[in-house]
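Everything below concerns the one structure shown next.
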Amino acid sequence: MATAETVTEHGAPQPFSPGETGTLVETAAEHDVFPPFDSTTMRIGDLPVFIAGDASNRAPLLHEAADEGHIAGRNALEDAPNCYRRRTPLGIVFVDPGVAFVGQRHAELEDSAAVGEIDFAHQGRARAAQRNYGLMRIYASRSDARVLGAEMCVPAAEHMGHLLALAIEQNLTVFDLLRLPFYHPVLEEGMRSALRELARQLGGSGGSDLADCEGYRCEALD
Ligand SMILES: Cc1cc2nc3c(=O)[nH]c(=O)nc-3n(C[C@H](O)[C@H](O)[C@H](O)COP(=O)(O)OP(=O)(O)OC[C@H]3O[C@@H](n4cnc5c(N)ncnc54)[C@H](O)[C@@H]3O)c2cc1C
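Counting from 1 along the sequence shown, just add 1079 to a position and that's the residue number in my numbering.
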């Protein structure tokens, strides 16, 4: 457990000038901007001051705030701040159909990125449940087929967003994902259709998937 003494003792390894800190933060406030900080250390500039959570305005989400508090708290006790690898970005809006983004957003993609799309108007399970609306797009790198991100407004978006976040965190490729099992009939088959669309664009699946074949227009077979 950190005491006030240890925070004071270890939290100010650098020459610390309250005036400088105040100036940086005040200047940021005057210009209606957030003070510059490193998201891997949560350190503001090169000051012995750390920021976390909504106050940083980086990603106003609970799991991000918890990580940032953890990073900032630990680094405040270190002689030199440690860098922490941040988790794959994940955001969910609990509406129907659900909205989710994971990894890179479309606006952040390089022009060369491949985009696979599935319209849930025709998705089997969604039709059976009369929830057949929405669109999912998955982004992948053309150079190595790694999944980069996805954006969607579809039924069960919160669950598919999580599946894709796990895949991105593990650096999986479109072909790695297509090798995994998909049950029938489930909404995740829609995600597989978007992945197969990507596989077609990325030049085949290495022979282990049907992605190069002309589709049967039947989700369970394609
Ligand atoms: C309506 C709503 C819905 C949300 N839904 C989601 C969601 O579904 N998923 C998700 O991930 N995130 C959601 N968020 C965002 C999430 O709640 C925040 O990102 C998260 O709580 C940020 O944590 P924090 O510790 O930075 O700030 P907070 O949780 O706001 O904690 C700050 C604390 O500081 C206290 N405080 C403020 N000023 C002072 C002061 N001068 N002195 C002492 N104490 C002070 C406040 O009272 C508060 O207790 C939602 C937010 C809102 C408002």
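The beta-carbon is built from N, C-alpha and C at its ideal position, and this holds for glycine as well.
Check, Outcome
"For E1189, does the count of other Cβ atoms within 10 angstroms reach 16, so buried, or fall short, so exposed?", "exposed"
"Could you tell me whether the Cβ atoms of G1269 and F1180 are closer together than 8 Å?", "no"
"Determine the extent of the beta strand (DSSP E) in which E1230 is found, giving its start and end residues.", "1226 to 1233"
"Measuring only from the beta carbon, is H1142 closer than 7 Å to any heavy atom that is part of ligand 1?", "yes"
"Does DSSP classify R1166 as helix, strand or coil?", "coil"
"Exposed or buried, which one is A1151 when buried takes at least 16 other CB atoms within 10 Å?", "buried"
"Which residues in the same chain as Y1212 place their Cβ atom closer than 7 Å to its Cβ, once the five residues preceding and following it in sequence are excluded?", "P1176, F1199, A1200"
"From the DSSP output, in three-state form, read off M1121 for me.", "coil"
"Would you mind sorting G1282 into buried or exposed? The rule is 16 or more other CB atoms within 10 Å of its CB.", "exposed"
"What residues match up with L1214 in a beta bridge as DSSP calls it?", "D1198, C1232"
"Cβ of G1182 within 8 Å of Cβ of A1145?", "no"
"With a threshold of 7 Å on Cβ separation, who are the neighbours of A1107 within its own chain once the five nearest residues in sequence on each side are excluded?", "F1113, P1114"
"Counting C-beta neighbours from all protein chains within 10 Å, is the total for F1173 16 or more, i.e. buried, or is it exposed?", "exposed"
"Using a threshold of 7 Å, is the CB atom of G1133 nearer than that to any non-hydrogen atom of ligand 1?", "The sequence as given places Asp at residue 1133; Gly does not occur at that position. Correct: D1133 has its Cβ closer than 7 Å to ligand 1."
"Counting only the same chain and skipping the five closest in sequence on each side, list residues whose C-beta sits under 8 Å from that of L1214.", "E1196, I1197, D1198, F1199, M1231, C1232, V1233"
"Do you know how far the Cα of A1244 is from the Cα of T1167?", "6 Å"
"How is the alpha helix (DSSP H) around F1254 delimited, first residue to last?", "1253 to 1257"
"Taking just the CA atoms, how far does H1142 sit from H1241?", "13 Å"
"Three-state secondary structure (DSSP) at G1282?", "coil"
"Here's a check: name, in chain order, each residue in its chain whose Cβ is nearer than 6 Å to the Cβ of D1111, leaving out the five neighbours to either side.", "none"
"Taking 7 Å as the line, does the beta carbon of P1139 fall inside it for any heavy atom of ligand 1?", "yes"
"If you measure from the CB of L1251, is any heavy atom of ligand 2 nearer than 7 Å?", "In the structure on display, ligand 2 does not appear, and the ligands it does have are ligand 1."
"I think L1227 touches A1192, with their Cβ atoms under 8 Å apart; what is that distance to the nearest whole Å?", "6 Å"
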